[in-house]
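Trainee: Chains as they are written, first to last, in our numbering: chain A, 1 to 371; chain B, 1 to 371; chain C, 1 to 371.
My questions will all concern the structure given below.
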């Protein structure tokens, strides 16, 4: 059952402990959050995207969270912050509805032998827990989830309904796993002998750190020999595939539908756009940003923003022409080379050769080209 | 338990209420459906794809659903329709096997407090339902599904086994949700403060309209402030990711593995090909068709067919050359410019300049080029 | 509960029945497996990737599985094999931990009428099984899985936790299905009548052969009229979408996040890279390898390696230039044609025409170009 929080707060109450100041009435009452263009009196909103600046003079909100620079244009109460989105994130927690949960093991849950389940943990209906499982303080296991033998889940973590955790997986503190996620399934390893694929035992496990978020229906395979590792503070969106032996560094954030092939290592503080794919056995350094739908086939050692693919939908007829041209790019290149040689010969025979603009020969130009 | 329908029907019975006519024997007995090339006597089949026209003269089927124009070549009983595939869809329902279900709550289901569950609803084994949930008439909830607090599911909707619905999600009438789908998981919103990602509370919900289909293992996140909205008649295939705040318009159909980033709006009557990705915060108008594996990065306002990417698998060696050339396209462009300038200079010095074909300079040509 | 195997084995014990020979001490004791660069005394490791050859002279492993040629450099005990990875796969099974399972039906499982469940089968907690289901000898059904009416699962197959099998699906012997997989959901078939999509009944089923592996959260739709077919020995990774009527041939292996649209046929012994997409209604022959993230839009009849797309992430600024150039490829082509014509005219007027290098005209060059 969801319990409503207090229905309204003074603006000053909302910023306690935050690095923010109020310009206006600290006693103004706030009863909810709303996008800036739809806010009504009683709402608090925020401004971070310049596209929405036009709504600032006309918003009906009782308060707006924004930077000092933006506050000049604010005609209502302002909450001034150097990081308005972070300040919003913290203030919004006041308006979250909390599901009421009751510590203990639901009568329909099936619990194996020799488990250590903290008395403050919540084990939901129809949960299945194997043997020798350790569940820490305040952990919540959602309805229908399955936790196999020897799993350890540290304090304050939460698994939503219908999550599956395979044997021996370790999950840190304050980690949240959304419904349908599967952690610790066998890595995809097969050896071919005379045309037939033979399974390679997957002897490693998965170790998930503290403060990790794992999205709905995301899958993380167990390691072949060593563990697959998701470090502290990693945020994974929905429908992501993490292959065996992958390591994802601290505070890296990965959007939905990304595929990471086996044994690839991604550094710390990376940002990976949606539907990007990583080949196996490559290494991505720290502080790398990769835009969506990129095919990452080689290691990246320097921080920066990286991309591949052809993005930007265009009318299909135009696309078909360009697509066809792409498939003849080699041919186009050869035609340009032929032109260059022809023009060079003309130049050589021309009296005014010295004044002819330089027509590059391939060798020279290609020195700077990257393959 | 699946109950078999009546084993055979007269052809005339099958078209009652449909805008179709019979050319041939209305009393012909039909016992099943089959693809045209494999049909046997007793089967009804259909012809919509011209690739299969060659089978029409030789099919063994007892009846073929087709257009009046195609019927000329039909040597067996014809069911003539302006929309043969639709007519087939309706006729095929006669040959569907129906699972026998019994109204009521299975003894193994766990039901929370203060729910309103219609007596005609079917709540399957090991279903878990939270508090204050409303379940309408004739709703079927499949085995192992989890329905959280305050969810509303309107009449005649069906959830297959192992579906997860988060708190406060609303689902309309006659909507079908396949196994493993997750509706209402938290949107992917994090604010970065000093290198650490902080969760932004996701205070909205998901509203799913009437006559919607949602495929297996598809995920639909709840909104950050407002709701994520799936309008009436939307059809979503398997393994689709719908980000928070997304809106999908009436009768839009989306194939498998599509990723839709947060806050993007897709119009009505759109058709989206498989594995296409949408950037966040963009708007797609009504009646837009997007081919498969497209990266849609900007808003599309005009109806039409849109595409991106490089499609069409070619031998890897050829692909590698073209891929390498692509990564030097800028270089190729510069070489062409150099050639143009060189040739222009030759022209200028040539006596016969006036008759020289025009060699475009970049500025002029680029006026028509689109970025 | 997981039972540990014997803690250590003599090297000679490990290769019984394998086509491998020992160079060194057959009585050397082995207690586990480890990657070559981290191995310690007591470990057995393997060498198949030349990148790891540098670790061979310095590994601390007690034994290394490798080819005869590589064995020359081996300073510890060698297990010589013509297929070291296969030999490793078999040896590693000695070090797998086995979950202890007890034959029989868990008290929390819900079983329908008229099922034939072999007494050696293991039906886990909270499993739901429909009516008229057949479960063979030694089959294991993991916790929370749902098996609908008329399903048949042959001997020695294993379903992990939270798997969903729809009605009438047939699964062969020794087949393994990972958590979250959904087999037999309705295919994505809708007929449009006056702007509204009407469901086309999906009357076929799914037939999965022997020795198949199906990864976590993979979805396989049932056929529209006939069955979707996964032949013997097929290996499917996680988060794969298999559309209705698809057929996948014997021993084909498919990496994660691949999307296969309806009615496509993939041959035997194919290898498909991750995140590749197949259009519907196409045919891929036997022994075809397709690299990752390819968009396969047409049938492929010849064995070989095929690719599409632009792969290889580059700095975003460079990417943006090339992406923009791509969208003007047609324009670039026209400019090259203009240059060719201009140069041709110069040539024609030149006294030294015969010695001028040939400037291709489009018609000639295009004869060899493929669209």
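Don't be surprised by glycine CBs; every beta carbon is placed ideally from N, CA and C.
Just so you know, these numbers come straight off a predicted model, no measurement behind them.
Under the assumption that residue 398 (chain A) contacts residue 241 (chain A) (Cβ atoms under 8 Å), give the Cβ distance between them as a whole number of angstroms.
Mentor: This structure cannot settle anything about residue 398 (chain A), because the visible part of chain A is limited to 1 through 371.
Trainee: Does the segment 144-158 of chain B come into contact with the segment 121-129 of chain B, if we say contact requires no fewer than three beta-carbon pairs (one atom in each stretch) closer than 8 Å?
Mentor: Yes: at least three Cβ pairs fall under 8 Å.
Trainee: How big is the Cα-Cα spacing for residue 179 (chain C) and residue 319 (chain C)?
Mentor: Straight-line Cα distance between these residues: approximately 39 Å.
Trainee: Quick check for students: name the residue ranges of the alpha helix (DSSP H) that lie wholly in the segment 30-83 of chain A, counting only runs of 4 or more.
Mentor: Listed in chain order, the complete alpha helix (DSSP H) runs (minimum 4 residues) inside the segment 30-83 of chain A are 68-71.
Trainee: Does DSSP put residue 143 (chain A) in a helix, in a strand, or in coil?
Mentor: Residue state, collapsed to three classes: coil.
Trainee: Apart from the five residues on each side of it in sequence, which residues of its chain come closer than 7 Å, Cβ to Cβ, to residue 376 (chain B)?
Mentor: Here chain B comprises residues numbered 1 to 371, so residue 376 (chain B) is not present and cannot be evaluated.
Trainee: For residue 277 (chain B), go through chain A and note every residue whose CB falls closer than 8 Å to its CB, in chain order.
Mentor: Residues of chain A passing the Cβ test: 257, 274, 275, 292 and 293.
Trainee: For residue 105 (chain A), I'd like the list of residues in its chain whose CB is within less than 6 Å of its CB, leaving aside the five on either flank, ordered along the chain.
Mentor: If we look at residue 105 (chain A) and ignore the five residues flanking it on each side, its Cβ neighbours are 123.
Trainee: By the DSSP assignment, the beta strand (DSSP E) with residue 190 (chain B) in it spans what residues?
Mentor: Run containing residue 190 (chain B): 190-193, per the beta strand (DSSP E) assignment.
Trainee: Is it true that the CB of residue 269 (chain B) sits closer than 8 Å to the CB of residue 245 (chain B)?
Mentor: Their beta carbons are not under 8 Å apart, which means residue 245 (chain B) does not touch residue 269 (chain B) by this criterion.
Trainee: Any C-beta of chain A sitting closer than 8 Å to the C-beta of residue 241 (chain B)?
Mentor: So yes, residue 241 (chain B) belongs to the interface.
Trainee: Give a yes or no on whether the minimum CB-CB distance between residue 299 (chain A) and chain B is below 8 Å.
Mentor: Taking Cβ atoms only, chain B never reaches closer than 8 Å to residue 299 (chain A), which makes this a no.
Trainee: Where does residue 334 (chain C) fall in DSSP's three states?
Mentor: It is helical.
Trainee: Would you mind telling me which residues of chain B sit closer than 8 Å to residue 193 (chain C), beta carbon to beta carbon, in chain order?
Mentor: The contacting residues are 83 and 86.
Trainee: Go through its chain and collect everything with a Cβ distance to residue 90 (chain B)'s Cβ below 6 Å, but skip five positions before and after it.
Mentor: Only 18 meet the Cβ criterion.
Trainee: So for residue 20 (chain B), helix, strand or coil by DSSP?
Mentor: Strand at residue 20 (chain B).
Trainee: Can you give me the Cβ contacts of residue 227 (chain C) inside the same chain, cut-off strictly under 7 Å, excluding the 5 residues immediately before and after it?
Mentor: Around residue 227 (chain C): 204, 205, 206 and 207.
Trainee: Beta-carbon separation of residue 139 (chain A) and residue 115 (chain A) under 8 Å?
Mentor: Their beta carbons are not under 8 Å apart, which means residue 139 (chain A) does not touch residue 115 (chain A) by this criterion.
Trainee: Under 8 Å by Cβ, that's how I've got residue 201 (chain A) and residue 92 (chain C) pegged, so tell me the actual separation to the nearest angstrom.
Mentor: Sure, about 4 Å apart at Cβ, within 8 Å.
Trainee: At 3 residues or longer, and completely inside the segment 183-227 of chain A: list those beta strand (DSSP E) runs for me, N to C.
Mentor: Qualifying beta strand (DSSP E) stretches, in chain order: 190-193, 196-199, 206-208 and 219-221.
Trainee: Could you list which residues in chain B have their beta carbon closer than 8 Å to that of residue 412 (chain C), in chain order?
Mentor: This structure gives no information on residue 412 (chain C), because the portion of chain C shown stretches from 1 to 371.
Trainee: Put residue 259 (chain A) into one of helix, strand or coil per three-state DSSP.
Mentor: Strand, per DSSP.
Trainee: For a contact meaning CB atoms closer than 8 Å, what does residue 313 (chain C) contact in chain A?
Mentor: What residue 313 (chain C) touches in chain A: 290, 294, 295, 296, 297, 298, 300, 306, 307 and 308.
Trainee: How would you label residue 113 (chain B), buried or exposed, when you count the other beta carbons within 10 angstroms and need 16 or more for buried?
Mentor: Counting Cβ neighbours within 10 Å, residue 113 (chain B) comes out exposed, since fewer than 16 surround it.
Trainee: Give me the residue from C:42, C:72, C:278 and C:36 with the minimum Cα distance to residue 8 (chain C).
Mentor: Comparing Cα-Cα distances from residue 8 (chain C) to each of C:42, C:72, C:278 and C:36, the minimum goes to C:42.
Trainee: Three-state secondary structure (DSSP) at residue 240 (chain A)?
Mentor: In the structure shown, residue 240 (chain A) sits in coil (DSSP, three-state: anything other than H, G, I, E or B).
Trainee: Taking C-beta pairs closer than 7 Å, name the residues in chain B that residue 226 (chain C) reaches, listed in chain order.
Mentor: Per Cβ cutoff of 7 Å: 35.
Trainee: Just how far apart, CA to CA, sit residue 15 (chain B) and residue 36 (chain B)?
Mentor: So the two alpha carbons sit approximately 19 Å from each other.
Trainee: For residue 233 (chain B), which residues of its own chain have a beta-carbon under 6 Å away from its beta-carbon, when the five flanking residues on both sides are left out?
Mentor: Hits under 6 Å: 211, 250 and 251.
Trainee: When you compare the segment 285-299 of chain A with the segment 307-318 of chain C, are there three or more beta-carbon pairs, one atom per stretch, that lie closer than 8 Å?
Mentor: Yes: the two stretches touch, three or more of their Cβ pairs being nearer than 8 Å.
Trainee: When you check each C-beta in the segment 101-115 of chain C against every C-beta of chain A, which residues fall closer than 8 Å?
Mentor: Under the 8 Å Cβ criterion, the segment 101-115 of chain C contributes 106 and 108.
Trainee: Which partner residues does residue 278 (chain A) have in the DSSP bridge list?
Mentor: Its beta-bridge partners are A:260 and A:296.
Trainee: Check whether the Cβ of residue 197 (chain B) lies closer than 8 Å to any Cβ atom in chain A.
Mentor: Output row for residue 197 (chain B): interface = yes.
Trainee: Going by the CB atoms, is the gap between residue 76 (chain B) and residue 64 (chain B) shorter than 8 Å?
Mentor: Their beta carbons are under 8 Å apart, which means residue 64 (chain B) touches residue 76 (chain B) by this criterion.
Trainee: Out of A:150, A:141, A:170 and A:169, which one is the CA nearest neighbour of residue 162 (chain A)?
Mentor: Of A:150, A:141, A:170 and A:169, the residue nearest in Cα terms is A:141.
Trainee: Using CA coordinates, which residue listed in B:299, B:255 and B:257 is at the minimum distance from residue 266 (chain B)?
Mentor: The candidate whose alpha carbon is nearest that of residue 266 (chain B) is B:299.
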